[in-house]
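As they're listed, the protein sequences go chains E and U.
If you number the first sequence the way my numbering does, the last residue is 398 and the count never jumps.
If you number the second sequence the way my numbering does, the last residue is 398 and the count never jumps.
There are 2 protein chains.
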Amino acid sequence: MLIKEKIKQAAGLLREFDLDCWLTFTRETAINGDPVLPFLVPGDLTWHSSFLVGRDGRTKAIVGRYDRQMVVDTGAYDDVEAFVTGFREPLQAYLKTLNPRTIAVNYSEGSEICDGLTHGMFLTLQGTLAEIGMADRLVSAEKLVSALRERKSAVEIGHIKEAVRHTQEIYALAAGFLAPGKTEKEVADSMYGEVVRRGLKTAWGRETCPAVYTGPDTAQAHYNPTGRTIERGHVVNMDFGVKVEHYCSDLQRTFYILEEGEDAAPADVRRGFETIVRSIEAARLMMKPGATGLEVDAAARKVVTDAGYEEFPHALGHQVGRFPHDGTALLGPAWEKYARKPFRRLEPGMVFTIEPRLMVAGRGIVTIEDMVVVTETGTEWLSDPQSELILIRG
Amino acid sequence: MLIKEKIKQAAGLLREFDLDCWLTFTRETAINGDPVLPFLVPGDLTWHSSFLVGRDGRTKAIVGRYDRQMVVDTGAYDDVEAFVTGFREPLQAYLKTLNPRTIAVNYSEGSEICDGLTHGMFLTLQGTLAEIGMADRLVSAEKLVSALRERKSAVEIGHIKEAVRHTQEIYALAAGFLAPGKTEKEVADSMYGEVVRRGLKTAWGRETCPAVYTGPDTAQAHYNPTGRTIERGHVVNMDFGVKVEHYCSDLQRTFYILEEGEDAAPADVRRGFETIVRSIEAARLMMKPGATGLEVDAAARKVVTDAGYEEFPHALGHQVGRFPHDGTALLGPAWEKYARKPFRRLEPGMVFTIEPRLMVAGRGIVTIEDMVVVTETGTEWLSDPQSELILIRG
């Protein structure tokens, strides 16, 4: 279903971006899989495999003999050609018939999600096309592959919503488990146990999903839960998501561990938390089709720095899909590592996280990560945004 | 442990192949991971990350700020530099100090296992090096990465042996479960249940691991078990493996379902099976350091065709490691899709499957896949090779 839906979408995108043909060229996909493959074929491929979509919607696959039946079974290809000794001749023959002005292939400097073609396979393809005088027709499929992943269908959004629901329910259970004296690792293990009980998978590697950071002086992000003990007066933050039908959630929540006698967080923690809530709201109000990620990031970042905190050393938000980081357009600053991503304009169907952070000295990291989908006029929440610190009584 | 061991091995390989520096350059590895990464770092990386090994054994990593601690914790790098906005300046600065004549990077037309660098990342690297006049120093690291994966340590061989042991035990259980009237899918599910009970993972995708094919007219390979029913007089073959500590097994076994009143397989099935056993033995006797995969494949292939069967449309055997297909040298014919792999010479420490196949008309596919490690003088079995048809009484 997904495969037919996405291939049809790809044909429309070829016309939209004035490209003649999209070619995905890959081999031994269990080792070097192109991230676009789940939209084209349901399993792994062994030998050099070519998947071609034309702007007229015509589709062709050229695969090794043993992979043929799986591709035929998708019902998404007008013709599936199988080879035993080599892909070169059948691919050249088909391209000569098609004679496309442009052949869009999956490479991109600026977007990892569109960069599934390895350099070795690029050289092989270039050599193969040179033999039929078409080497100069290769262009990047970045725009097409970006749009294919970013413009989510109702079915894809539905899976993400379901992943968000599970994540929020497991966070609620974690709040009941959190207590002074517990370690980061114990909290993470209890959450992971619930993931397994529900028959789910974590959205990213188990080592850092969930990630749990208690108090000051932690690794802050991307680091596995440690034996560090949760103490009264700590700010605790967590980063966690699951997959439903291969689609991810990615949410962060912030907790405060009350001191004995306290009924509310102290002023410094409250101020930090409220700053993050305001930062997210500033971003959300900017988000609509046509806005750039750059301006959205800047609005949220300004709330944090205007309040006197150090700016966060990462983008404000990323797209979510089959990977936790999935998409080209990014809510981010114009830093080298983000290439042109922050300059892309928002489109309906894009799913973003919004996740500013700041440090409250001596307490810990305050961060919220919630998720929205861009609509025709603005955004819609996919999660129930955290609006209050979660207070934990010792 | 593995990381320190492999990085030390890499420094030796730089000297052996007269290279100055090995650079692995990658980003968002959950999306486009380089298959060599598990030898360099224990988890996923987000931003543009560089891992450099010099021929003097000096090591350096340049990674995003949040990934730094994980890399430091390996204890395998002399220096781990973290960046916030971009990788370019720190990488250029380090390379200017090192001033290597050659910078070997992970691309290869002929070997997928050495082709982890995407084309987009190659372009980024080329641009980065051009700014410091080093773009022409990029060379392929194929030889180094091949040897790093192919020359297995005692620890790696130990994991593979353990995976083989589990696989053989589960095959023995499957023989007790196999019976006329069962479907391919029921047999596969019972084996998969045992994989789960043992807390293991399958060596490749669950859909085709185990693969079960009963009787004539099946998809033959790489296809998921169907509702096809096992019948008396069928030849049944299976392809199955598991992972232990990330290292794989990959074994095929052939069964014959006795007709009522039969005590042995009929002559046509026996003749097919014996041909496969002889084919494997012919290959094994050729295998020793210095032999090419081409000549080993030819010896085994000749036994099958001399006996009047159609030749198998795939290579005789592949290397096994962290993937079921893992390595450059291949026991295969000189077909286009195998590039130069069959021309590589065998080296001690390489782990190969040997897996000829043939069809017995009206009965099914006869195939055995066993595993050997190349030693200084020949080979050693890693599995207990199948020498008799497994007879199933109805």
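Ideal placement from N, C-alpha and C gives every residue a C-beta, glycine not left out.
On a predicted model such as this, the values are computed, not experimentally measured, just so you know.
With 16 or more neighbouring CB atoms inside 10 Å of its own CB, R367/E falls in the buried class. Annotation for R105/U: D24 and R141 place their beta carbon closer than 8 Å to its own, counting only its chain and skipping 5 residues before and after.
Listed along chain E, the residues sitting closer than 8 Å to W208/U by beta-carbon distance are A34 and D48. Ranked by Cα distance from I396/E, the first of L18/E, P184/E, A151/E and L386/E is P184/E.
Neighbours of R69/U in chain E, taken as residues whose beta carbon is under 7 Å from its own, are P317 in chain order. With respect to E135/E, R92/E sits close: the two C-beta atoms are nearer than 9 Å.
For V273/U, the uninterrupted alpha helix (DSSP H) run begins and ends at A271 to M290, by DSSP.
In chain order, T89 and G90 make up the part of chain E whose C-beta sits under 7 Å from the C-beta of W339/U. Taking one beta carbon from each stretch, the region 144-152 of chain E and the region 149-163 of chain U have fewer than 3 pairs nearer than 8 Å; the two do not touch.
Considered as a whole, the region 134-218 of chain E harbours 142-144 and 215-218 as its complete beta strand (DSSP E) runs of no fewer than 3 residues, in chain order. Contacts with chain E at 9 Å (Cβ-Cβ) do not include I7/U.
Spanning the alpha carbons of R348/U and L335/U requires a straight line of approximately 9 Å. Annotation: E314/E to A108/U spans about 39 Å, alpha carbon to alpha carbon. Inclusion of L182/U and I280/U in the CB contact set at 9 Å is not warranted, their separation being larger than that value.
The Cβ neighbour count for L18/E, taken over all protein chains shown within 10 Å, is at least 16; the residue is labelled buried. In the DSSP assignment, S53/U forms a beta bridge with T30/U.
Secondary structure at D71/E: helix, using DSSP grouped into helix, strand and coil. Approximately 19 Å separates the beta-carbon atoms of Y81/U and K100/U; this is outside 8 Å, ruling out the contact. Between the alpha carbons of P293/U and D71/U lies a gap of roughly 41 Å. Just so you know, the alpha carbons of V40/U and W339/U end up roughly 26 Å apart.
In the same chain as T171/U, and ignoring 5 residues on each side of it, the C-beta atoms closer than 7 Å to its own belong to F244, G245, V246, S253 and L255, in chain order. Under the DSSP assignment, T383/U falls in the beta strand (DSSP E) whose first and last residues are T383 to W385. Closest option to A178/E, judged by alpha-carbon separation, among R275/E, T296/E, Y98/E and R257/E: R257/E.
The region 223-242 of chain E makes no contact with the region 350-360 of chain E; the number of CB pairs closer than 8 Å stays below 3.
Taking the C-beta atoms as reference points, F277/E is found nearer than 9 Å to L393/E.
Interface with chain E (9 Å Cβ-Cβ cutoff): D140/U is excluded. The three-state secondary structure of V76/U, taken from DSSP, is helix. The Cβ atoms of P46/U and T78/U lie closer than 9 Å to each other. A contact between stretches requires three or more CB pairs, one per stretch, nearer than 8 Å, and the region 123-138 of chain E fails this requirement with the region 205-218 of chain E.
DSSP lists no bridge partner for F21/E. Residues of the region 93-119 of chain U with a C-beta less than 9 Å from any C-beta of chain E: E93, V109, N110, Y111, S112, E113, G114, S115, E116, I117, C118 and D119, listed in chain order. L320/U is positioned such that its CB atom lies closer than 9 Å to that of A287/U.
DSSP, read as helix, strand or coil, puts R92/U in helix.
In the three-state reduction of the DSSP assignment, G297/U falls in the helix class. Annotation: E9/E to Q73/U spans about 42 Å, alpha carbon to alpha carbon.
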